Amino acid sequence: MKDQVTAAIFAGGASSRFGSPKANAQVDGEEFVVRIARSIRQTGIERVLLVGGSKADAKRWHLEFVEDETADAGPLMALLSALHKIETEILLTMPCDVPWIDSETCNMISEFDLDFDLQVATTQVPQWLCSAWHRRTMTHLEQQFATGERAIHRAVTGLSVKFLQFAAKDLRNINTPDDLLE
586 MKDQVTAAIF
596 AGGASSRFGS
606 PKANAQVDGE
616 EFVVRIARSI
626 RQTGIERVLL
636 VGGSKADAKR
646 WHLEFVEDET
656 ADAGPLMALL
666 SALHKIETEI
676 LLTMPCDVPW
686 IDSETCNMIS
696 EFDLDFDLQV
706 ATTQVPQWLC
716 SAWHRRTMTH
726 LEQQFATGER
736 AIHRAVTGLS
746 VKFLQFAAKD
756 LRNINTPDDL
766 LE
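Using this note's numbering, the first residue of the sequence shown is number 586, and each one after it goes up by one.
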């Protein structure tokens, strides 16, 4: 089924708390996006998009660059921009600030249950950007965006959501440079 999954790494946003683009931050000498893309590809997913961020970085990382269709419109627009580019049934999404995500976690999120519209990884709270979306969600999300909604967690109202439980360490994200020291 991995041939029916495209992945997207979201690299937009100002990274104001981090102070520089998180996509380029490093762990053990490797940029975050390089680590995330490798984990995704280890699952057998071949097509990986970089939504937002730098077109030059996308080329350097051998990722397909996708510009946000509406600038500064947040992660819901990043999600729609990616959904508009896929030809597969499923879109796996990852934020650029989860450098320790492993292929097993990516695989579990992308193993899609067709009885649902989307699958969301959750720890203590849902991690809306660590998720998998069926292509059929696109029209619903477009309608939500058109009404002015910008938050993914509210835009999914009316969709069938499956929550996948993970340990916090599996989805550890980085918001500030100090988070790298923990």
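Cβ atoms here follow ideal geometry from the backbone N, Cα and C, with glycine treated the same way. All values derive from a computational prediction rather than experimental measurement.
Please confirm whether ALA608 and ALA596 have their CB atoms less than 7 Å apart. Taking the sequence shown and counting its residues from 1, the one referred to as residue 608 is at position 23. Taking the sequence shown and counting its residues from 1, the one referred to as residue 596 is at position 11. Closer than 7 Å, so yes.
Could you tell me whether the Cβ atoms of ASP682 and SER666 are closer together than 7 Å? Taking the sequence shown and counting its residues from 1, one reaches residue 682 at position 97. Taking the sequence shown and counting its residues from 1, one reaches residue 666 at position 81. Going by C-beta atoms, ASP682 is not nearer than 7 Å to SER666.
Express the C-alpha separation of GLN704 and GLN712 in angstroms, rounding to a whole number. Numbered from its first residue, the sequence shown carries residue 712 at position 127. Numbered from its first residue, the sequence shown carries residue 704 at position 119. Approximately 10 Å between the Cα atoms of the pair.
PRO684 in three-state terms, based on DSSP: Your numbering for residue 684 matches position 99 in the sequence shown. PRO684 falls in the coil class under three-state DSSP.
Going by C-alpha to C-alpha distance, which of ARG620, GLN589, LYS747 sits closest to SER716? Residue mapping note: residue 716 aligns to position 131 of the sequence shown, counting from 1. That would be LYS747, whose Cα lies nearest to the Cα of SER716.
With a Cβ-Cβ cutoff of 7 Å, do PRO680 and LEU714 count as a contact? Taking the sequence shown and counting its residues from 1, the one referred to as residue 680 is at position 95. Taking the sequence shown and counting its residues from 1, the one referred to as residue 714 is at position 129. Cβ atoms of PRO680 and LEU714: closer than 7 Å.
For PRO711, does the three-state DSSP call read helix, strand or coil? Locating residue 711 in the sequence shown gives position 126, counting from the first residue. It is a strand residue.
Backbone CA spacing between THR742 and GLU689 [nearest angstrom]: Working through the sequence shown from its first residue, we reach residue 742 at position 157. Working through the sequence shown from its first residue, we reach residue 689 at position 104. THR742 and GLU689: Cα-Cα distance of roughly 29 Å.
Is DSSP giving ILE737 helix, strand or coil here? Locating residue 737 in the sequence shown gives position 152, counting from the first residue. Helix, per DSSP.
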